[in-house]
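Using my numbering, read the sequence shown as starting at 408 and increasing by one per residue.
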Amino acid sequence: DEIHDEFGRLDLLVNNAGVAPKERKDILEAGEESYEWVMKVNLQGPYFLTQRVANWMIRQKHEHSSFEGCIINVTSVSSTAASPNRGEYCISKAGLTMASQLWAVRLAEFGIPVFEVRPGITATDMTAGVKEKYDALIAEGILLQPRWGTPADVGHAVAALARGDFPYSTGQVIMVDGGLLVERL
């Protein structure tokens with residue numbers, strides 16, 4: 408409502424909010440409170456915010472045929488890479504991966520592209536507690552590009568999508584993972 412009142416239009420939604428479980432617990436021990444909290448922030452919030460924004464973008468498209476909106480969901484390699492000590496996080500990001508596909512399909516008729524940006528091992532407050540673990544994995548060669556990802560790396564991908572640099576690619580996943588998930592022999 409504030410964006411509507413202040414600017415009268417909305418061209419871009421980037422769902423980037425995300426939380427990890429307050430405690431990393433094995434899925435055999437994780438509690439409902441943690442599960443519900445992670446799901447509300449990581450999946451339920453983006454789902455209903457996207458719904459509201461998508462409807463507004465559709466109205467803008469009907470009012471001005473030249474309108475070009477865009478929706479970007481920032482997920483995680485954890486949407487496909489299983490981490491049993493933070494299952495609720497993995498499930499929330501996997502859900503957002505599917506939501507990205509669903510929104511891409513639903514909004515295609517209105518010319519509103521939807522993308523997913525999927526970061527890997529990224530240096531943030533969320534990963535500060537496991538820095539030593541990932542430092543060791545990086546040193547052992549888990550990444551093709553042997554360094555931590557940065558928020559700027561993710562931001563560059565989001566900016567390219569927001570600018571419209573991929574005009575014929577709705578529904579696509581942009582990996583920002585330093586080559587983590589490239590299959591190797």
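The beta carbon of each residue, even a glycine, is placed where N, CA and C say it ideally should be.
> Which runs of the beta strand (DSSP E), 3 residues or longer, sit entirely within the stretch 475-547?
Replying inline: 477-481, 521-526
>> Quick check: what's the CA-CA separation for GLY548 versus VAL589?
In response: Here residue 548 is taken as the residue at index 141 of the sequence shown, counted from 1. Here residue 589 is taken as the residue at index 182 of the sequence shown, counted from 1. Whole-angstrom Cα-Cα distance: 12 Å.
> Hey, would you say VAL445 sits closer than 9 Å to PHE522, going by beta carbons?
Replying inline: Counted from its first residue, the sequence shown places residue 445 at position 38. Counted from its first residue, the sequence shown places residue 522 at position 115. Going by C-beta atoms, VAL445 is not nearer than 9 Å to PHE522.
>> Pull the bridge partners of GLY556 from the DSSP assignment, please.
In response: If you number the sequence shown from 1, residue 556 lands on position 149. According to DSSP, GLY556 bridges with THR529.
> Looking only at DSSP bridge pairs, what is VAL583 linked to?
Replying inline: As a position in the sequence shown, residue 583 is number 176, starting the count at 1. Note: VAL583 sits in a beta bridge opposite PRO526.
> Per the contact definition of three or more C-beta pairs closer than 8 Å, is the stretch 522-541 in contact with the stretch 478-493?
Replying inline: yes
> Where does VAL426 fall in DSSP's three states?
Replying inline: If you number the sequence shown from 1, residue 426 lands on position 19. Reduced to three states, the DSSP call for VAL426 is coil.
>> With distance defined between alpha-carbon atoms, name the residue in THR457, TRP555, LEU568, LEU592 nearest to ARG513.
In response: Locating residue 513 in the sequence shown gives position 106, counting from the first residue. Checked all of THR457, TRP555, LEU568, LEU592; the closest Cα to ARG513 is THR457.
>> Using DSSP's beta-bridge definition, name the partner residues of LYS432.
In response: On the sequence shown, position 25 is the one that residue 432 refers to. Per DSSP, ARG493.
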